[in-house]
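Notes follow the structure.
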């Protein structure tokens with residue numbers, strides 16, 4: 525794994541517990557930084573000097589939603605230059621959301637939350653393995 529932190533924005537405690545268990549089982553060595561609100565995640569990203577490995581965000585969040593959070597990142601020159609991989613992991617699989625995510629927001633992935641633990645584990649394994657090997661403009 526790339527050494528940077530994995531930033532996760534998730535407001536559902538049950539989903540957070542499942543994701544934590546999945547990451548533990550996958551032996552992910554990266555620091556996991558959790559947020560329930562996008563404003564706190566944005567402030568963290570602005571203050572962070574270490575390059576995050578990936579951002580995983582829900583779409584439907586209290587206050588600012590995940591779509592607006594991605595727009596905010598894209599509109600910030602400093603964060604835009606970091607080219608932090610941004611992936612939605614969400615219940616909302618509406619076709620309009622998916623189109624907006626890829627066409628307007630240029631996210632790098634849109635995954636629907638799974639109905640089973642094993643499927644969730646497979647999704648996270650695929651996401652993290654992909655970004656582990658993907659060439660990145662800010663990689664060492």
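Numbering (my numbering), first residue to last: 525 to 664.
All C-beta atoms, glycine included, are put in the ideal place defined by N, C-alpha and C.
Computed from a predicted model, the values in this text were never measured in an experiment.
Residues bridged to residue i (per DSSP)
| i | result |
| --- | --- |
| residue 634 | 612 |
| residue 581 | 533, 612 |
| residue 558 | 532 |
8 Å CB neighbourhood of residue i in its chain, flanking five on each side removed
| i | result |
| --- | --- |
| residue 604 | 597, 598 |
| residue 631 | 594, 610, 611, 612, 625 |
Helix, strand or coil at residue i [DSSP, three-state]
| i | result |
| --- | --- |
| residue 552 | coil |
| residue 624 | helix |
| residue 574 | coil |
Straight-line gap, residue i to residue j (C-alpha atoms, nearest Å)
| i | j | result |
| --- | --- | --- |
| residue 650 | residue 641 | 14 Å |
| residue 601 | residue 550 | 34 Å |
| residue 539 | residue 581 | 12 Å |
| residue 562 | residue 536 | 14 Å |
| residue 653 | residue 587 | 31 Å |
Where the alpha helix (DSSP H) through residue i begins and ends
| i | result |
| --- | --- |
| residue 603 | 601–606 |
| residue 652 | 641–657 |
| residue 493 | Missing from the structure shown is residue 493; the chain here goes from 525 to 664 and no further. |
Neighbourhood of residue i by C-beta distance below 7 Å, restricted to the same chain and skipping five residues each side
| i | result |
| --- | --- |
| residue 616 | 583, 584 |
| residue 638 | 644, 647 |
6 Å Cβ shell around residue i - same chain, five flanking residues per side excluded
| i | result |
| --- | --- |
| residue 634 | 612, 622, 625 |
| residue 614 | 582, 583 |
Residue i Cβ short of 8 Å to the ligand GTP heavy atom set
| i | result |
| --- | --- |
| residue 592 | For the structure depicted, the ligand GTP is absent and the ligand set is empty, with no information on it obtainable. |
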